[in-house]
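In UniProt numbering, the protein residues as written are 1 to 220.
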């Protein structure tokens, strides 16, 4: 099972690239939603990808490596004994790592466990089916798994981006006696929040990049 998957290098590279681009987009949606930045301004540019891919890989890479190692160990032992629960171990790995990056609460623990279950559903069953499923049943099963996978990726990275925005620190600038926190830059569109009495106000201030001439970077 795993050998056949790993041999399809072209498919694996294409799927990995699509996963990274998709994760970056939904990460940005979660980030902007948390900071009240209009979603219509989202731009998936090279700088955005370069920044977000690193954050996304912090989650994707350990999940992929640990899950692959678990399934390889299970396959080598023919999924017998404790190795029969290999897909369930992958469920726990996904849930635990996702919860680590979230704001810790019982609600988020439940969400992490639920999304881990969806990840579990994406793992091919180690059981060998003697009866070959019909063509229609195969298409239906693939469609359901695709929809579940899309929901899993979108929900995971929207929540991840939302949590990241809640815990990150922002560069601060000063102009005309006012202090601003830099939230996000999309091309020439710059989104900031004014800092009053040491706290960021809820309203988002929009600048064009040309309007930032003379602003002074004061730190974080």
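Positions of the beta carbon are idealized from the N, C-alpha and C atoms, including for glycine.
Of the other Cβ atoms in all chains shown, 16 or more fall within 10 Å of the Cβ of residue 91; this residue is therefore buried. If you look at residue 75, you'll find it in the alpha helix (DSSP H) that goes 46-76. Looking at the DSSP output, residue 182 sits in a beta bridge with 192. Taking C-beta atoms as the reference points, residue 118 and residue 88 fail to come closer than 8 Å. In this structure residue 159 is buried. Its beta-carbon is surrounded by 16 or more other beta-carbon atoms within 10 angstroms. DSSP places residue 207 outside any alpha helix (DSSP H); the residue lies instead in the beta strand (DSSP E), whose first and last residues are 205-208. Straight through space, the alpha carbons of residue 149 and residue 161 are spaced by roughly 18 Å.
Annotated three-state conformation of residue 218 is strand, per DSSP. Non-local C-beta neighbours of residue 70 in its own chain, meaning closer than 6 Å and more than five positions away in sequence, comprise 86, 89 and 90, ordered along the chain.
Spatial neighbours of residue 113 in its own chain (CB-CB distance under 6 Å, excluding positions within 5 residues in sequence) are listed in chain order as 95. Nearest to residue 41 by alpha-carbon distance, out of 50, 47 and 28, is 28. Judged by their CB atoms, residue 183 and residue 204 are nearer to each other than the 8 Å cut-off. Between the alpha carbons of residue 99 and residue 156 lies a distance of about 10 Å.
The DSSP-derived three-state label of residue 80 is coil.
Taking a contact to require three or more Cβ pairs closer than 8 Å, the stretch 35-51 and the stretch 69-84 do not qualify as touching.
With a 10 Å radius around the Cβ and a threshold of 16 neighbouring Cβ atoms, residue 30 comes out buried.
For residue 100, the enclosing alpha helix (DSSP H) begins and ends at 86-101. Residue 200 is bridged by DSSP to 195.
Comparing C-alpha distances from residue 55 to each of 201, 210, 191 and 165 shows the shortest one belongs to 165. A check of alpha carbon separations from residue 192 across 206, 44 and 186 identifies 206 as the nearest. In this model, residue 45 and residue 78 are separated by some 45 Å (Cα to Cα).
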